[in-house]
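Undergrad: Sharing a structure here in structure tokens format.
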Amino acid sequence: MQKFIISVTKENFNLIEDKRFECFILSESLGAEFKSAFAQKAKQQNKLVLSFSKEDCLKYNLDGLIVDLSKSEHILSDYEKATGDLKGKFIGVICRNRRHEAMLCSECEPDFIVFRAWEKGADKVKELISWYADLFLIQSAVLPMEIVDFTAFETDFVILDDVLLKGI
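Numbering-wise (numbering that gives the first Met the number 0), the sequence shown opens with residue 0 and increments by one.
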């Protein structure tokens, strides 16, 4: 069964108490006080907090980072640059929805790979994720960019934001 990673875009401490969620991504747009307090409360509940921002990851001592390499032409060097001083942190990588890029991102040995999904083309993404799951031991996540039936994807995680969260 897929687990949920919740992208926190609005100040809402109640998400920490929800037993369905064990991992969160703090939006860069949130205030500094909220990020700090949220990270501390989540750690007290033994829940993980990630960021899309390396600076936030370091500043708030978060558990990890999600690196967007979907537009990268130099995946390995961009990965190393983005994660170089984050030893011991969880790292996720967003890659293009192509087999070659998924393989290149996997060679970086992140903790998980993230595939984006849209309603149009969802079947191709499902096929890609199924192929990936058959070949790689690295966990995968799907990041729906709009309402998509994510239950049909062979991923370990689903990343949902405040809007898409209402559908579960």
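Just so you know, even glycine gets a beta-carbon here, dropped at the ideal spot from N, CA and C.
Return the first residue and the last residue of the alpha helix (DSSP H) that GLU106 is part of.
TA: Unbroken alpha helix (DSSP H) run through GLU106: 98-106.
Undergrad: Could you give the distance in angstroms between the alpha-carbon of SER71 and the alpha-carbon of ARG97?
TA: So the alpha carbons of these two residues sit roughly 13 angstroms apart.
Undergrad: What three-state label does DSSP hand VAL147 in the structure shown?
TA: Of the three classes helix, strand and coil, the one that applies to VAL147 here is coil, per DSSP.
Undergrad: For GLU234, name the three-state secondary structure that DSSP assigns.
TA: This structure cannot speak to residue 234, because the chain is shown only from 0 to 167.
Undergrad: Kindly indicate which three-state DSSP category SER129 falls into: helix, strand or coil?
TA: Helix at SER129.
Undergrad: For GLU10, tell me which candidate among GLU27, GLN1, VAL157 and GLU21 has the shortest Cα-Cα distance.
TA: Selected option, being the one with the closest Cα: GLU27.
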